[in-house]
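Protein sequences appear in the order of chains A and B. Numbered according to the numbering used here, the first sequence spans residues 662 to 1152. Numbered according to the numbering used here, the second sequence spans residues 662 to 1152.
2 protein chains.
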Amino acid sequence: MENKLFLYNTLSRKKEEFQPINPNHVGLYVCGPTVYGDPHLGHTRPAITFDILFRYLKHSGFKVRYVRNITDVGHLESDGDVGEDKIAKKARLEELEPMEVVQYYTDRYHSYMDELNVLKPSIEPRASGHIIEQLQIVEDILEKGLAYESNGSVYFDVEKYNKDHNYGALSGRNIDDLLSTTRELDGQTEKRNSFDFALWKKAAPEHIMRWPSRFSDGFPGWHLECSAMSAKYLGTEFDIHGGGMDLLFPHHECEIAQSTVCNGHTPARYWMHNNMITIDGQKMGKSLGNFITLEQMFSGEHEKLEQAYSPMTVRFFIMQAHYRSTLDFSNEALQASQKGMERLLEAYGNMDKLTASDASSFNVQEISDKCYNALNDDLNTPILIAHLFDAVKNINSMLAGSATLIDADLETLKQLMNNMVVDILGLTVDTNGNSSGNDELLSETINLLLNLRIDAKANKDWTTADKIRNELQALGVTIKDTKEGFEWSVK
Amino acid sequence: MENKLFLYNTLSRKKEEFQPINPNHVGLYVCGPTVYGDPHLGHTRPAITFDILFRYLKHSGFKVRYVRNITDVGHLESDGDVGEDKIAKKARLEELEPMEVVQYYTDRYHSYMDELNVLKPSIEPRASGHIIEQLQIVEDILEKGLAYESNGSVYFDVEKYNKDHNYGALSGRNIDDLLSTTRELDGQTEKRNSFDFALWKKAAPEHIMRWPSRFSDGFPGWHLECSAMSAKYLGTEFDIHGGGMDLLFPHHECEIAQSTVCNGHTPARYWMHNNMITIDGQKMGKSLGNFITLEQMFSGEHEKLEQAYSPMTVRFFIMQAHYRSTLDFSNEALQASQKGMERLLEAYGNMDKLTASDASSFNVQEISDKCYNALNDDLNTPILIAHLFDAVKNINSMLAGSATLIDADLETLKQLMNNMVVDILGLTVDTNGNSSGNDELLSETINLLLNLRIDAKANKDWTTADKIRNELQALGVTIKDTKEGFEWSVK
Chain A
662 MENKLFLYNT
672 LSRKKEEFQP
682 INPNHVGLYV
692 CGPTVYGDPH
702 LGHTRPAITF
712 DILFRYLKHS
722 GFKVRYVRNI
732 TDVGHLESDG
742 DVGEDKIAKK
752 ARLEELEPME
762 VVQYYTDRYH
772 SYMDELNVLK
782 PSIEPRASGH
792 IIEQLQIVED
802 ILEKGLAYES
812 NGSVYFDVEK
822 YNKDHNYGAL
832 SGRNIDDLLS
842 TTRELDGQTE
852 KRNSFDFALW
862 KKAAPEHIMR
872 WPSRFSDGFP
882 GWHLECSAMS
892 AKYLGTEFDI
902 HGGGMDLLFP
912 HHECEIAQST
922 VCNGHTPARY
932 WMHNNMITID
942 GQKMGKSLGN
952 FITLEQMFSG
962 EHEKLEQAYS
972 PMTVRFFIMQ
982 AHYRSTLDFS
992 NEALQASQKG
1002 MERLLEAYGN
1012 MDKLTASDAS
1022 SFNVQEISDK
1032 CYNALNDDLN
1042 TPILIAHLFD
1052 AVKNINSMLA
1062 GSATLIDADL
1072 ETLKQLMNNM
1082 VVDILGLTVD
1092 TNGNSSGNDE
1102 LLSETINLLL
1112 NLRIDAKANK
1122 DWTTADKIRN
1132 ELQALGVTIK
1142 DTKEGFEWSV
1152 K
Chain B
662 MENKLFLYNT
672 LSRKKEEFQP
682 INPNHVGLYV
692 CGPTVYGDPH
702 LGHTRPAITF
712 DILFRYLKHS
722 GFKVRYVRNI
732 TDVGHLESDG
742 DVGEDKIAKK
752 ARLEELEPME
762 VVQYYTDRYH
772 SYMDELNVLK
782 PSIEPRASGH
792 IIEQLQIVED
802 ILEKGLAYES
812 NGSVYFDVEK
822 YNKDHNYGAL
832 SGRNIDDLLS
842 TTRELDGQTE
852 KRNSFDFALW
862 KKAAPEHIMR
872 WPSRFSDGFP
882 GWHLECSAMS
892 AKYLGTEFDI
902 HGGGMDLLFP
912 HHECEIAQST
922 VCNGHTPARY
932 WMHNNMITID
942 GQKMGKSLGN
952 FITLEQMFSG
962 EHEKLEQAYS
972 PMTVRFFIMQ
982 AHYRSTLDFS
992 NEALQASQKG
1002 MERLLEAYGN
1012 MDKLTASDAS
1022 SFNVQEISDK
1032 CYNALNDDLN
1042 TPILIAHLFD
1052 AVKNINSMLA
1062 GSATLIDADL
1072 ETLKQLMNNM
1082 VVDILGLTVD
1092 TNGNSSGNDE
1102 LLSETINLLL
1112 NLRIDAKANK
1122 DWTTADKIRN
1132 ELQALGVTIK
1142 DTKEGFEWSV
1152 K
């Protein structure tokens, strides 16, 4: 594979070698959350998928400008340009100013992303902060004759666009099928065709989120924000556009149509879509009401949860499936992820104890190549993790004295594990190899206790030795006696 | 004082009883950071001052909408509407898109505010996200004849405004003095008077941050953003406007002039200004280059710092001065704050050990009244803290057996300490009374070690007892032997 990154491009429906527009620079745009509720397990998938892409691109030496937006206006309850604005509805229910709702859930989103060790994007623009830029696109599309005004709103003329372009290029939908399967909905009579989409919506009198325009006091259509903000911060043609598969149609299809009218081409060269998390065979989603929030995941307080799962367990669970496969929620799978991650991190933590020998009994470079090949093959994290478990097996063999590495190979191994586990997979690891944030002092204190236990055993003071062991175990510290002394880990 | 809150109103130059416009609701607007550099000690003062106000108002039962903005455009290097935009300059120096600079320093600001336990505001709007609202104010002021266009820019006509109003109402400046002391500066020739201020600035060709308007492609004047965002989220008349004293003139004076033209009155009823932090007798400020960043404060890595100071020590240091007094940086003062805070938190942590008696030997209600009176007297935190130390003295006497409280009084004392220390002063306290986040497990582990030490002493095993003491001390754990066994704290 020669260290070339291949990514599956939804637009071409095949894996393509990634080649940036500007050497060494990558422009990456990912659709972020609509901030009207707490993030749930489903939201972790795009966040973690594109976090790994961001990390891997940076690891590969690219200078990445990663833009992930906050949708705080214009996202209606239905894709048919009808229903209430999601934020406005939540604000009405909670008797808050819409921007209080936005702030609250944006802060919550950030805090959960921090817990999941998802890196912050380079720019996190808000839709409501780019009304002017969106109105400029509306004017541009109107001027080019591909939109029409109707009762203070402006709609994109899909049928006309489809004459010269392919509306459906990304999603594979066919406009004739759309015509035959869609029907007139309430409030859509101002559209020429039901599949036309809003660029600007006239606000109802009670609608709080509104801005002046020459068409009406209103608000932008949802699909417009990503076209405006990606163009503003990444240019009219950038490298990678990502998002969940549920955004493929109509959201991304509409983005392509808008950009094609304005600039003559699709905004991004590579379109990447993560698949969904399912629960009982259905997509997990806020609108379906079958979601488990991250707060519930981390506390265990949900009827579907047998236990609490740490942020790193959730992260590992997501990475154990390829991002383009569906991933079904189950306690068994999460518990398996937890065990697997602990095994990986334990070996990672034990690498300090490895010493070099005169000969190498296994091929580290081969493991390294396989890891990078997995990443280069459309970010195949489950395969990558399988190869890391090969490394784990070898590390454990070395600890048991049944495998050896020369100094240079040992360095390669350590470097590889650090690159993969910490930098790219983004697992947080303390010096002891635990996944949570126990600090240095705790480590030292437990080490002190266990050294006292060794002294006690040497003095045949079994009472004290047992007391230390039992009390530490009661606190959740697992102790393993080894030739060198002891090992411990915290549950 | 009858539990009425009095606040010093810069506008009236006296302490006034606080009466909200809408019963039980408070609208609070505070000028936030211009995000082009890391926060320094000077930035902690408005953040913590208005955090205490926010906390105390909420504690008093008000529903508070707290708006604190992010200035990400329009803040020029000089107050005279000349010089480069601060964000754009930083972006140019770092070869980044201006919004990357904004995002980076906004994220850093948030993370330091979290460390200082400063609560998040209800809404945190960005100047660049409110260009339309700012342009609407420009139009309004132009229509009312109090602004003029000049070469694509729009300026507020201060002299004309001053004929019917008092430009200087807030700051006490006199326009005639301004006339005689200001002089023509480069690039100001398009102004009628040097003290006129920009509402809209035409952007130079190389200026990246620009938006279209009927005047020019340009950007809003700095003073406009707060007028636009406070009106949008709090209404054209709200309760309290806060900020640092360095913003009093021209920033807040200009806000008042703008709002008075548009709405016929000042935007806020109460204007509160925190004083400056000084260092070597000078205001600490980014533009003066004599600042110590929070990163440096917390790490101790700055030539002026004798040690690292924890976020809670910095917070306590800020609160030990009244917000309207200057506060001089010194290691001595910070070290005294650290000791004082430790004494306070130690007593707070020891309250669990207090037991009720048949009689009360001191008056808890009186201490409580004094604490609330201090807060009600223009948020006099140093006086409040002095009264809390009275409470500490009494708690320590109770621990020593020389003071007593009946059950109801003991409950009042515990409630008072919790209200003041945790809710209002916002000190973070773990179960052990320490100020940093050592977790439960660490506490239990150290307790286990110290119980082993008691066993060792009982067995006259002085070697082990000393070893535990010495090693824990080497790790920074201070141990105090008591009648009941031991107490410990972590440095």
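C-beta atoms are modelled at their ideal positions from N, C-alpha and C, and glycine is treated no differently.
Could you tell me which chain B residues have their CB closer than 9 Å to the CB of residue i, listed as they occur along the chain?
| i | result |
| --- | --- |
| A/S888 | By Cβ distance, chain B contributes nothing, its closest Cβ being about 17 Å from A/S888, past 9 Å. |
Please classify residue i as buried or exposed, where buried requires at least 16 other C-beta atoms within 10 Å of its C-beta.
| i | result |
| --- | --- |
| A/G904 | buried |
| A/K1014 | exposed |
| A/G806 | exposed |
| A/E761 | buried |
| B/T671 | buried |
| A/W872 | buried |
| A/N1093 | Because the pLDDT of A/N1093 is 41, which lies under 50, any placement of that residue in the model is unreliable, and the number read from its coordinates should be weighed accordingly. A/N1093 should be labelled buried. |
| A/L754 | exposed |
| A/W861 | buried |
| A/N685 | exposed |
| A/F653 | Absent from the structure is residue 653 of chain A, since the part of chain A shown begins at 662 and ends at 1152. |
| A/N1055 | buried |
| B/T1125 | buried |
| A/D847 | Only weak support is given to the placement of A/D847: the predicted model assigns it a pLDDT of 47, under 50, and the value that follows is read from those uncertain coordinates. Under this definition A/D847 is an exposed residue. |
| B/T1143 | exposed |
Would residue i pass as a contact of residue j if the rule is Cβ separation under 7 Å?
| i | j | result |
| --- | --- | --- |
| B/H884 | B/E916 | yes |
| A/W932 | A/H902 | yes |
| A/T954 | A/D768 | no |
| B/D1084 | B/H704 | no |
| B/V696 | B/V763 | yes |
| B/S832 | B/E914 | yes |
| A/T939 | A/T1016 | no |
| A/Y809 | A/D818 | yes |
| A/G813 | A/S855 | no |
| B/I1044 | B/A1035 | yes |
| B/I608 | A/T1106 | Given that chain B is displayed from residue 662 to residue 1152, the structure contains no residue 608 of chain B and the question cannot be resolved. |
| B/V687 | B/D900 | yes |
| B/I784 | B/V728 | yes |
| B/D1039 | B/F667 | yes |
I want to verify the contact list: residues of chain A whose CB lies under 7 Å from the CB of residue i, in sequence order.
| i | result |
| --- | --- |
| B/E1132 | L1109 |
| B/W872 | I793 |
| B/M933 | Under the 7 Å cutoff, chain A gives no residues; its nearest Cβ is about 22 Å from B/M933. |
| B/Y773 | By Cβ distance, chain A contributes nothing, its closest Cβ being about 14 Å from B/Y773, past 7 Å. |
| B/Y894 | E758 and M760 |
Name the chain B residues whose beta carbon is nearer than 7 Å to that of residue i?
| i | result |
| --- | --- |
| A/R1060 | Inspection of the sequence shows that residue 1060 of chain A is occupied by Leu rather than by Arg. Within chain B, no residue comes near A/L1060; the closest Cβ sits about 26 Å away, beyond 7 Å. |
List the residues of chain B that residue i touches, going by C-beta distances under 8 Å, in chain order.
| i | result |
| --- | --- |
| A/V1151 | L1102 |
Which runs of the beta strand (DSSP E) spanning at least 3 residues fall entirely within the segment 921 to 988 of chain A, listed in chain order?
929 to 935 and 938 to 940
Name the residues in the segment 966 to 987 of chain B whose C-beta lies less than 7 Å from a C-beta of chain A; which are they?
none
What residues from the segment 703 to 733 of chain B come within 9 Å of chain A, judged by C-beta to C-beta, listed N to C?
R726 and V728
Check each residue of the segment 777 to 789 of chain A: if its Cβ is closer than 8 Å to any Cβ of chain B, include it; give the result in chain order.
For the segment 777 to 789 of chain A, which is checked against every Cβ of chain B, the residues closer than 8 Å are K781, P782, S783, I784, E785, P786, R787 and S789.
Just list the alpha helix (DSSP H) runs in the segment 773 to 854 of chain A, keeping only unbroken ones of 4 residues or longer that don't cross its boundaries, in chain order.
792 to 804, 819 to 825 and 836 to 842
Taking Cβ-Cβ distances below 7 Å as the criterion, which residues of the segment 759 to 770 of chain B are in contact with chain A?
M760, E761, Q764 and D768
Identify each residue in the segment 1102 to 1128 of chain A for which the Cβ-Cβ distance to at least one residue of chain B is less than 8 Å, and report them in chain order.
Flagged, chain order: L1102, L1103, E1105, T1106, I1107, L1109, L1110, L1113, D1116, T1125 and K1128.
Tell me which residues of the segment 1136 to 1149 of chain A have at least one Cβ-Cβ distance to chain B shorter than 9 Å, keeping chain order.
L1136, G1137 and V1138
Beta carbons nearer than 8 Å to chain B: which residues of the segment 686 to 699 of chain A have them?
none
May I have a chain-ordered list of the beta strand (DSSP E) segments no shorter than 3 residues that lie completely inside the segment 715 to 766 of chain B?
List check, beta strand (DSSP E) in window: 724 to 729.
List in chain order: all unbroken beta strand (DSSP E) runs of 3+ residues lying wholly within the segment 896 to 925 of chain A.
Note on the segment 896 to 925 of chain A: whole beta strand (DSSP E) runs with a minimum of 3 residues are 899 to 905, in chain order.
Output the residue ranges of the beta strand (DSSP E) runs that lie fully inside the segment 1012 to 1099 of chain A and measure 3 residues or longer, sorted by chain position.
none
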